[in-house]
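Residue numbers (the working numbering): 708 to 1075.
Yeah, the Cβ is synthetic: ideal placement off N, Cα and C, and Gly gets one too.
No experiment lies behind these values; they were computed from the predicted model shown.
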């Protein structure tokens, strides 16, 4: 099935006071999809959205929107709506007029009966109809964020740019608003670029994910594609909950030897391996690591460093001579801090990365 690009960013560069924020960033967001931009603070998420909206000057690169080169176009002509983490509401207006504000601007002015219809429908979608006559300074944080999102949605632009729109809200509100954004997307077939540092939020809402760090896209695809073949160590550390485990290892006589571990894994399990370096990192998704009692036959030794209870399950951190990892285990495994344990990496259960560059050098996929 063919897809149509809605947003194309090519070679974007941006620096603030000599410090690079975007370093030749490339990104394509397809029409009618929710694309999550996932990365830590300072990765370049906000700069990517601001560049897409035309709110910052670029050092280099091109921006195309709906098939039109808008690199030098002013923000008002791009027909995008942006929602920031801050609410950016106008305190002199009530909720109803805050939502309607863009529809009364010279660029997007609508008739008052159409404004009332759109405001009412959008407020209904976001479950804030009962707040329309309230002053914004009487609203809670969650209510204000709903109003800010409604103000963007009411205009129905060609694309929505959402910059950490839910991060200030509590877990229950975040989950509720993510569901409502998905509903709005389904109903209007809108295109959204959603920037977040929250892995769970990204996979809950997005059709595809772009892992951003250091001002470039490290990898883009569905979460299934990224899990099957992570591009590099950065991706492994930013994806998953818990994220990928990394073990210091070496290649010796056709085997991968994990530092201080009992196992020797045939290198053939990893498919073709690029490069000739003997020092590698073995990356394994925690779900694929088998953890058991001390001195399990054929397993390697570790120590439980920490235990975090999660109600019906617990997360443990295991220290090993080759590195530490976190894994979720059932309550039936009664680990406590300081316990000796064992771990085993199953055949075909990991990836090899160059220890110096962090790039994946093995080609075999891992499926779940």
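Pick from the options that is closest to residue i, judged by C-alpha positions
i, options, result
"residue 808", "890, 791, 861", "861"
"residue 975", "1069, 732, 837", "1069"
"residue 919", "717, 748, 1045, 724", "748"
"residue 1042", "1066, 999, 1072", "999"
"residue 982", "958, 753, 942", "958"
"residue 960", "950, 973, 911, 787", "973"
"residue 783", "816, 798, 801", "816"
"residue 719", "991, 956, 768, 915", "768"
"residue 935", "746, 977, 900", "977"
"residue 712", "737, 727, 730, 765", "737"
"residue 1076", "755, 956, 962, 925", "The question about residue 1076 has no answer, for the chain in this structure spans 708 to 1075."
"residue 994", "1014, 1011, 1057, 967", "1057"
"residue 895", "832, 1005, 838, 1027", "832"
"residue 787", "797, 773, 779", "773"
"residue 781", "775, 760, 801", "760"
"residue 746", "873, 763, 942, 841", "942"
"residue 857", "874, 756, 839", "839"
"residue 1073", "754, 740, 1059, 764", "1059"
"residue 1064", "940, 852, 1026", "940"
"residue 1005", "1027, 968, 984", "968"
"residue 1014", "1035, 722, 1007", "1035"
"residue 885", "743, 1067, 911", "911"
Assigned exposure category for residue i - 16 Cβ within 10 Å defines buried
i, result
"residue 881", "buried"
"residue 1037", "exposed"
"residue 954", "buried"
"residue 659", "The structure shown does not extend to residue 659, since the chain spans only 708 to 1075, so no value can be given for it."
"residue 795", "exposed"
"residue 814", "exposed"
"residue 726", "exposed"
"residue 799", "exposed"
"residue 922", "buried"
"residue 803", "buried"
"residue 845", "exposed"
"residue 901", "buried"
"residue 1044", "exposed"
"residue 1029", "buried"
"residue 716", "buried"
Distance between beta carbons of residue j and residue i, contact taken as under 8 Å
i, j, result
"residue 878", "residue 790", "No, residue 878 and residue 790 are not in contact; Cβ-Cβ is about 19 Å, not under 8 Å."
"residue 732", "residue 751", "7 Å"
"residue 1001", "residue 1049", "6 Å"
"residue 854", "residue 805", "6 Å"
"residue 951", "residue 991", "7 Å"
"residue 891", "residue 970", "That pair is no contact at about 49 Å."
"residue 996", "residue 1011", "13 Å between Cβ atoms; not a contact."
"residue 1062", "residue 988", "5 Å"
Runs of beta strand (DSSP E) lying entirely within the stretch 1023 to 1063, each at least 3 residues, in chain order:
1030 to 1037, 1047 to 1051, 1058 to 1061
Counting Cβ pairs, one atom from each stretch, are 3 or more of them under 8 Å apart for the stretch 897 to 909 and the stretch 818 to 828?
no
Whole alpha helix (DSSP H) runs in the stretch 801 to 872 with 4 or more residues, listed along the chain?
802 to 807, 819 to 832, 848 to 860
Length at least 3, wholly inside the stretch 899 to 945: the beta strand (DSSP E) runs in chain order:
899 to 903, 915 to 920, 923 to 928
Which ranges does the alpha helix (DSSP H) cover as unbroken runs of at least 4 residues, wholly within the stretch 710 to 786, from first to last along the chain?
752 to 760
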